[in-house]
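*Asks:*
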C-alpha cells in the first residue's frame, strides 16, 4: 500500500545512517526479546513468518510470565508492564478466551516497546533517536507480526458483522456485551496510542488501518448496543482519535479504507463472465455508510482533497503498467469519480463555495506529470468538468472555463490591458502559461468531445486568438501548431454550419464573430519551442508597419485555406467557397453603386472611413477567392446542392454585373464553366435523382433572367436550353447543352468513350485530357474568323504572319485535332493543347517534328495571346522546338524580335517582342556552349531592342543582354566596343530610370563575372566604364541606379587591388643541382 511504500526501508543489520553500529538500550533490548519470545513458533514448524494461533500465543505468554517473575534482569520490564496494565485494566490477563488473552499480552508488550522507544528518543544524547532503521530485520519482522496479531485478535473478533474485513474461521467471543465493548475500547485505544509513534504507526496504519478505523467508528459513532461498557467521554476520545488518524495518514489510503468500510452500493453490478467469483459480503450498516460518506466529504474538502480522493479510488485498480492502462480504459470508474466530485456534499454551506474550493483542484488534475497516472487523472478531470457544465452551467463557466481559458483571454482584444504603461517587449503571458492552456483546451474540448452550447460558446470567445497562434506556429518552429489545428478543426466540425462559416469569415476580418489579438501586442517565439505574448514594439517606419500588416493578412488567408483543406469531406470548404462567391457578387453590385455615386471629396470623415472599410472588405474577398481557387482541389464540392449553390452564385453575379471591361474574358470563362457544369450533370456525368432535380430547379429563375438580360446571344440561348432541360428532367436536351458538357468533360459530342481530344495513348500527353476540341456554341466570345481561316489553306506571306494549319494537311487526325484545339476560344483548352504539342516535341515524335513549320506558326501566334497560361505554354513549345532545330528556328525568332508583324499596335508589338526575348533566353540556356555560333546575331538583336521607343522593351533587352554575356562567359570579342558605347549612351541619356538602372546592372554583371580578367577583356573600354560609373554616382537622381553604380565601383576596386597588389605566397623552392 502507499503508506508502506513511503516508509524508509529496513536495513539488513542494526546499523545507523552514519555507518556506525548502534546497539539498543538494555531495556529496549529486553522488550524486543520478550516480544520475540511471545511470538516464537512451536517446535517443528519452520517458516519465515509462521501463523500465530491463540493457543500458541497463550502458551508463550505463560512462559513469558514465568520468566518475568523469576529471571534476573527482567524486573524493569515487569514493572513497566504492570504500569501499562494499570492504565489499561481491560488488558489484564484472566480467565478470558485464548484469543483475547493472547491479544492482551501482545498489546501490553507493544505498549512497553512504545514507551522504551519514546524514552530513548527523548533522552539527551549525541546519538540520533531510534527509528525503524534502528531495529534489525528480524526485530522489525517481529514487530510487524505482533501488530498484525494484536489487530487480528484484539479488534476483528469484537466487531459486529458488516464492519471491517473479518478473518475467516475466527470465532465470536463468548464474553457479555459490556465486556466486549470495554475490550474493544481498550484494544483500539492501545493501537491508537501505538500509531502516534512513527516507528510503530507506519507498519500499523499501512496494513491494519481498516480494522482500526472500523473500531474507532463503532466506538465513537456506533449504536448503543455495540458500545456497552463505554462511557460518553471515552466515545468522544474515540471520535477524536478517529479524526486524528484520518488527518495524519496518507490521504489516498484513508479514502480507500473509508470506501471499503462504506461497502458496495445497494445494487452492485453482476460479475463479469469468466471473472473471479467473490464471496457475498454482509451489507454495511446504514449509520456506517452515512459516517463514511461524511468522512469522505471531509477528505474531499481538505487542501488537495480532490487529488487524494481520485488517487484513493483509482490507485486501487493499479498504478502502473498494465493496471494503469486497464484503469484508463475503465471509463465507468472514471465517470463514477466524476459524479462524486461534481456532487456538492452536505457539509458545504453553499454550492458556489464548493465549486470555488474544488474547481482549481480539478484543473490541477490536468497537469499531473506522472505518465502512468496522468491519463486516468486527465480523464477524470475532463469528465468532471463536462458533468459540472451540464448540471450548473453558470458556476462551471465562472470557476472552470474562465480560469481554464484565462491565458488566451488575456491575449484577446477584449482584455483590459494598460499597454500604455508598459514598455515594449513586456511579457503578458508566459510561454509555460500559454502552452499549458492550449494543451488543457485540447484535453477538455477535443478529447472530451462534448459539443454543448456552453463549451462551444466559451471556446468561440478565444478562437480568434487560437487561430492567430496557429498562424504564428505555421511561420515558426513550434509544437503548438498541431494542438491549435486540432482545436480549430474540432470547433468547425461540431458547431452549426452557419456559426462555422461566420467564424471562418471572422478569422480573416470579414466580420466580428471572433475576437482577434490585442492590437498593440503580438506573439513571439519562446525558448522552449512555444510562444509568449508580449507588448509589440512600435515601428517609426510607416512603410515597414504597413508591410507587416499586409503580410499578416496574407498569412491569415493562406492559413485559413490550409485549414479548409482538411474540411473538404464534411462539405465545409465547399460551403465557405460558395459563401465567398456570394460575397463576390455583392462586391460586384457595390462596385456598380460606387461607380454611380462616387465619394464626394468634401464628405465627412465618417463617410470616408465607411468607404475605406468597404474597399478593404472587397479586397479581402477578392484575395480570399483567389487563394481558394489556387489551393483548394477540384473535390471541394461534395454533393449536387453545393454545385447548385456555386452555379447560382455565378449566374447571379452575371445577372448583376454582365461581363465587360478589363475582366470581361475571365467573367465569361467563369460563366461558361458554371453553365458547363450544369450541362455535364444533365448529360449523365452524375447520376441524378428526383431530389437532385428539385435542387437544380432553383436555378430556373436565374437562367431565365440570364436568357433575357445577358448581352451575348449564344449565352442567352444556352441558358434557355439549360432551363428547358432542367424543367423536363433531362428528357429534352438541345445540342448546345451537349456541346457545353463536352467542353467541361473534355470530349466531343457523339464521340462516346473516345479519349479526350482524340489523342492516342502513344502520345503520353498528360495535358490532353484537359484540351477539348472546338465547339461552336459553348463559348459566347468564340471568334469566327479563326474558324474560317482554318477551313482553307494558303501560302504564308513574306511579311505577315503565316496562316494556321489547314484541315486537309497530311497530318494524322489526332495531331490535326491538337492543332485545331490550339486555336480554341477557351484559354484552358488552348493552353492544354499547346502543352500537349510541346510534349510531343520533347518526346521527339516523328509526325510532330515533320510539321515543325506549322508547329512554329501555331506557337508564334499563341505567343500574342493575352492569357498568361496560353503564351507561357507557347513560349515553352518554341524553346523546345528551337533546341531541336536551332539553325532553322533561331533566325526566324531573331527576325521577329527585330521587326514585329505589321498591323499591330506599338504596345502590343512591344509586349510580343518581350515574350520573344524570353523565348530567345530559353533557347540560349538550352544551347549551352553552342550559343557561340549565334553570338553576334543575338547581341545585335538585343542592342537593337535597347534603342526601341518602348521603355519596358529597352529594359528587357538590356536584362537579356546581361544574361547572354553570362552564358557566353563574357567572351564578347570585337563587339565589346559597341556594347559599352550603347551602355554609356543609355546611362547618360535615357529618360527612364528603370532603363538606366538596367544598363548599369549590365556593367555590374560584366565586372563581377570577369573578375581579374576584366583588365584584359575590357582593356580598351575600362577607363570609359570607370568614368561612366563615377558620373552615375555624382549626377544620377535615381537611388537604385546609384546603388548599382556603387556596387560596380566596389567590384572594380577589388579587381584593381588584386591586380596591383597580388597576394604574397610564401613558399620554399628546393632546386636539385646536377
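In this note's numbering, the protein residues as written are 164 to 1237.
Think of the CB as a built atom: it goes at the ideal place given N, C-alpha and C, for glycine as much as any other residue.
Predicted, not measured: the structure shown is a model, and the values here were computed from it.
Determine the direct distance from the alpha carbon of residue 860 to that of residue 810, and round the result to whole angstroms.
*Replies:* What you label residue 810 is simply residue 647 of the chain shown in a count that begins at 1. What you label residue 860 is simply residue 697 of the chain shown in a count that begins at 1. Roughly 12 angstroms between the two C-alpha positions.
*Asks:* In this structure, what does DSSP give as the bridge partners for residue 698?
*Replies:* Translated into positions along the chain shown, residue 698 becomes position 535. In DSSP, residue 698 forms a bridge with 684.
*Asks:* With DSSP run on the structure shown, which of helix, strand or coil describes residue 1194?
*Replies:* By one-based count along the chain shown, residue 1194 stands at place 1031. Correct three-state label for residue 1194: helix.
*Asks:* Taking buried to mean at least 16 other C-beta atoms within 10 Å of its own C-beta, is residue 233 buried or exposed?
*Replies:* For the purposes of this step, residue 233 is identified with residue 70 of the chain shown, where counting begins at 1. Exposed is the call here.
*Asks:* Three-state secondary structure (DSSP) at residue 591?
*Replies:* Looking up residue 591 in the chain shown gives position 428. Strand at residue 591.
*Asks:* Going by beta-carbon coordinates alone, are residue 306 and residue 271 separated by less than 7 angstroms?
*Replies:* Stepping through the chain shown from its first residue, residue 306 is reached at position 143. Stepping through the chain shown from its first residue, residue 271 is reached at position 108. No.
*Asks:* Is the beta carbon of residue 627 sitting closer than 7 angstroms to the one on residue 582?
*Replies:* In the chain shown, residue 627 corresponds to position 464, counting from 1. In the chain shown, residue 582 corresponds to position 419, counting from 1. No. Outside cutoff.
*Asks:* So what's residue 575 in DSSP terms, helix, strand or just coil?
*Replies:* As a position in the chain shown, residue 575 is number 412, starting the count at 1. Reduced to three states, the DSSP call for residue 575 is strand.
*Asks:* How far does the alpha helix (DSSP H) with residue 1281 in it extend, from its first residue to its last?
*Replies:* It is not possible to answer for residue 1281, since the shown part of the chain is limited to 164 through 1237.
*Asks:* Does residue 494 come out as helix, strand or coil in the three-state DSSP assignment?
*Replies:* In the chain shown, the residue the question calls residue 494 occupies position 331. Helix.
*Asks:* In whole angstroms, give me the CA-to-CA distance for residue 273 and residue 357.
*Replies:* The residue labelled residue 273 in the question sits at position 110 within the chain shown. The residue labelled residue 357 in the question sits at position 194 within the chain shown. Rounded to the nearest angstrom, the two C-alpha atoms are 8 angstroms apart.
*Asks:* What do you reckon, are the CB atoms on residue 1048 and residue 1079 nearer than 7 angstroms?
*Replies:* Locating residue 1048 in the chain shown gives position 885, counting from the first residue. Locating residue 1079 in the chain shown gives position 916, counting from the first residue. No.
*Asks:* Distance check for residue 342 and residue 252, CA to CA, integer angstroms please.
*Replies:* Against the chain shown, residue 252 aligns to sequence position 89. Against the chain shown, residue 342 aligns to sequence position 179. Taking the straight line joining both Cα atoms gives about 12 angstroms.
*Asks:* Residue range of the alpha helix (DSSP H) that residue 844 falls in?
*Replies:* Translated into positions along the chain shown, residue 844 becomes position 681. Counting along the chain, residue 844 falls outside any alpha helix (DSSP H), and DSSP gives it neither H nor E.
*Asks:* Between the alpha carbons of residue 1120 and residue 1163, how many angstroms are there, rounded?
*Replies:* Here residue 1120 is taken as the residue at index 957 of the chain shown, counted from 1. Here residue 1163 is taken as the residue at index 1000 of the chain shown, counted from 1. If I take the Cα positions, the gap works out to 13 angstroms.
*Asks:* Can you give me the start and stop residues for the alpha helix (DSSP H) that residue 617 sits inside?
*Replies:* Translated into positions along the chain shown, residue 617 becomes position 454. Run containing residue 617: 616–623, per the alpha helix (DSSP H) assignment.
*Asks:* When you compare only the Cα positions, how much space is there between residue 704 and residue 723?
*Replies:* As a first step, residue 704 must be located in the chain shown, where it is residue number 541. As a first step, residue 723 must be located in the chain shown, where it is residue number 560. Roughly 29 angstroms between the two C-alpha positions.
*Asks:* For residue 414, count neighbouring C-beta atoms within 10 Å of its own C-beta (all shown protein chains included) and say buried if the count is 16 or more, exposed if not.
*Replies:* Position 251 of the chain shown, counting from 1, holds the residue named residue 414. Residue 414 is buried by the Cβ-count criterion.
*Asks:* I believe residue 788 touches residue 743 by the beta-carbon criterion, under 8 angstroms. Please report the beta-carbon distance rounded to the nearest angstrom.
*Replies:* Working through the chain shown from its first residue, we reach residue 788 at position 625. Working through the chain shown from its first residue, we reach residue 743 at position 580. Residue 788 to residue 743, Cβ: 5 angstroms. Contact.
*Asks:* Measure the alpha-carbon distance for residue 266 versus residue 228 and round it to whole angstroms.
*Replies:* Within the chain shown, residue 266 is the residue found at index 103, counting from 1. Within the chain shown, residue 228 is the residue found at index 65, counting from 1. When rounded, the distance between both Cα atoms is 15 angstroms.
*Asks:* Would you say residue 570 faces chain D, with C-beta separation under 7 angstroms as the test?
*Replies:* Absent from the structure is chain D; it holds one protein chain and no more.
*Asks:* Check each candidate in 616, 597, 361, 404 and name the one with the smallest Cα separation from residue 352.
*Replies:* Position 189 of the chain shown, counting from 1, holds the residue named residue 352. Measuring from the Cα of residue 352, the nearest candidate turns out to be 404.
*Asks:* Roughly how many whole angstroms lie between the Cα atoms of residue 1092 and residue 815?
*Replies:* To locate residue 1092, count along the chain shown from 1; it is residue 929. To locate residue 815, count along the chain shown from 1; it is residue 652. Residue 1092 and residue 815: Cα-Cα distance of roughly 58 angstroms.
*Asks:* Note down the Cα distance separating residue 711 from residue 718, rounded to an integer number of angstroms.
*Replies:* Position 548 of the chain shown, counting from 1, holds the residue named residue 711. Position 555 of the chain shown, counting from 1, holds the residue named residue 718. About 10 angstroms.
*Asks:* Would you mind stating whether residue 382 and residue 401 have Cβ atoms separated by less than 7 angstroms?
*Replies:* Walking along the chain shown from the start, residue 382 turns up at place 219. Walking along the chain shown from the start, residue 401 turns up at place 238. Closer than 7 angstroms, so yes.
*Asks:* Can you give me the C-alpha to C-alpha distance between residue 454 and residue 376, rounded to a whole angstrom?
*Replies:* Counted from its first residue, the chain shown places residue 454 at position 291. Counted from its first residue, the chain shown places residue 376 at position 213. Answer to the nearest angstrom: the Cα atoms are 11 angstroms apart.
*Asks:* Using a Cβ-Cβ cut-off of 6 angstroms (strictly less than) and excluding sequence neighbours within five positions of residue 882, which residues of its own chain qualify?
*Replies:* On the chain shown, residue 882 is found 719 positions in, with the first residue counted as 1. Result list for residue 882: 866, 869, 870, in chain order.
*Asks:* Please state whether DSSP places residue 237 in a helix, a strand or coil.
*Replies:* Along the chain shown, one-based indexing puts residue 237 at 74. Of the three classes helix, strand and coil, the one that applies to residue 237 here is coil, per DSSP.
*Asks:* Note the first and the last residue of the continuous alpha helix (DSSP H) segment covering residue 464.
*Replies:* Position 301 of the chain shown holds residue 464. 449–464 is the span of the alpha helix (DSSP H), which, as asked, contains residue 464.
*Asks:* Using the beta-carbon count (16 or more within 10 Å), is residue 946 buried or exposed?
*Replies:* As a first step, residue 946 is located in the chain shown; it is residue number 783 there, counting from the start. Confidence is the limiting factor: at residue 946 the pLDDT is only 37, short of 50, which leaves the residue's position unreliable and the question unanswerable from this model.
*Asks:* Mark residue 1214 as exposed unless 16 or more other C-beta atoms lie within 10 angstroms of its C-beta, in which case mark it buried.
*Replies:* Here residue 1214 is taken as the residue at index 1051 of the chain shown, counted from 1. With 16 or more Cβ atoms within 10 Å of its Cβ, residue 1214 is classed as buried.
*Asks:* Over what stretch of residues does the alpha helix (DSSP H) that includes residue 511 continue unbroken?
*Replies:* The residue you call residue 511 lines up with position 348 of the chain shown. Neither: residue 511 is in no alpha helix (DSSP H) and is coded neither H nor E.
*Asks:* Rounded to whole angstroms, what is the Cα-Cα separation between residue 641 and residue 593?
*Replies:* Here residue 641 is taken as the residue at index 478 of the chain shown, counted from 1. Here residue 593 is taken as the residue at index 430 of the chain shown, counted from 1. Cα-Cα distance, rounded: 15 angstroms.
*Asks:* With H, G and I counted as helix, E and B as strand and the rest as coil, what does DSSP make of residue 1051?
*Replies:* Translated into positions along the chain shown, residue 1051 becomes position 888. Residue 1051: helix per DSSP, three-state reduction.
*Asks:* Looking at residue 552: is its Cβ nearer than 7 angstroms to the Cβ of residue 605?
*Replies:* Here residue 552 is taken as the residue at index 389 of the chain shown, counted from 1. Here residue 605 is taken as the residue at index 442 of the chain shown, counted from 1. Cβ distance not < 7 angstroms, so residue 552 and residue 605 don't count as in contact.
*Asks:* The alpha helix (DSSP H) spanning residue 1021 covers which residue range?
*Replies:* Taking the chain shown and counting its residues from 1, one reaches residue 1021 at position 858. First-last of the alpha helix (DSSP H) with residue 1021: 1015–1026.
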